[in-house]
Amino acid sequence: METTAYTTEWDDTYTITTRTGKYDDTNPSDDVSRIIEAHDEDGDLVSHMYLDLTTGQIMQVETREENQREGIATALAQYAVDNGIPIFHSPEEHCTHEGLSFAYATDFIDEIDPELAYQP
Numbered sequence: 001m002e003t004t005a006y007t008t009e010w011d012d013t014y015t016i017t018t019r020t021g022k023y024d025d026t027n028p029s030d031d032v033s034r035i036i037e038a039h040d041e042d043g044d045l046v047s048h049m050y051l052d053l054t055t056g057q058i059m060q061v062e063t064r065e066e067n068q069r070e071g072i073a074t075a076l077a078q079y080a081v082d083n084g085i086p087i088f089h090s091p092e093e094h095c096t097h098e099g100l101s102f103a104y105a106t107d108f109i110d111e112i113d114p115e116l117a118y119q120p
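Residue 1 is where the sequence shown starts when you use the UniProt record's numbering, and the numbers rise one by one after that.
(1) For D25, is the classification buried or exposed, using 16 other Cβ atoms within 10 angstroms of its Cβ as the cut-off for buried?
(2) Kindly provide the ranges of any beta strand (DSSP E) runs that are 3 or more residues long and lie completely inside the stretch 2-37, ordered along the chain.
(3) Using only the alpha-carbon positions, how far apart do T7 and H97 sit?
(4) Pull up the distance between the alpha-carbon of Y118 and that of D11, whole angstroms please.
(5) Which residues bound the beta strand (DSSP E) around E93?
(6) Spatial neighbours of residue 125 within its chain, please: C-beta separation below 8 Å, excluding the five flanking residues on both sides.
(7) Please give the ranges of any beta strand (DSSP E) in the stretch 52-80, keeping only runs that are unbroken, at least 3 residues long and fully inside the region.
(8) Using a Cβ-Cβ cut-off of 8 Å (strictly less than) and excluding sequence neighbours within five positions of T55, which residues of its own chain qualify?
(9) How many angstroms separate the CA atom of H94 from the CA atom of E9?
(10) Quick one: measure Cβ to Cβ for S47 and A73, integer angstroms, because I've assumed they're closer than 8 Å.
(11) What three-state label does DSSP hand L45 in the structure shown?
(12) Distance check for R64 and D40, CA to CA, integer angstroms please.
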């Protein structure tokens, strides 16, 4: 996969990469996910997005509090689209308030077919 740079309107630059791994390495039933990450110039993790490897469903998105509302999570989603990585929003009823706001803000991503969606 490509490594790309994302620069905010405040001229902060982040490196976006992808890898596979688990959200919780201590949980043996936790599935391996595709992880798209943004790191700052010091190499610190700023934001990450976990996608189901089979369906592409977004399972988790987190951004450091001090970097929220800078478009970094949106840049992670755009990175997936630009690199042909399957990516789909969770069904509305599975989203937190923040997740639903993110889904509305990234309307260039479709919602997963409910039949394929993870069932909590």
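C-beta: ideal position from N, C-alpha, C; glycine also.
In this text, all values refer to a predicted model and were calculated from it rather than measured experimentally.
In brief:
(1) Exposed, because fewer than 16 other Cβ atoms sit within 10 Å of the Cβ of D25.
(2) For the beta strand (DSSP E) assignment, the uninterrupted runs of no fewer than 3 residues enclosed by the stretch 2-37 are, from N- to C-terminal side, 4-7, 13-22.
(3) Cα to Cα, T7 sits roughly 27 Å from H97.
(4) So the alpha carbons of these two residues sit roughly 37 Å apart.
(5) No beta strand (DSSP E) contains E93, which DSSP labels as neither H nor E.
(6) Because the chain in this structure spans residues 1 to 120, residue 125 falls outside the shown range and cannot be described.
(7) Scanning the stretch 52-80 for uninterrupted beta strand (DSSP E) segments of 3 residues or longer gives 58-63, listed from N- to C-terminal end.
(8) Residues P86, F88, I112, L116, A117, Y118 of the same chain have their beta carbon placed closer than 8 Å to that of T55, with the five preceding and five following residues left out of the count.
(9) Cα to Cα, H94 sits roughly 32 Å from E9.
(10) A73 and S47 do touch by the CB rule: their CB atoms are close to 5 Å apart, below 8 Å.
(11) It is a strand residue.
(12) Cα to Cα, D40 sits roughly 11 Å from R64.
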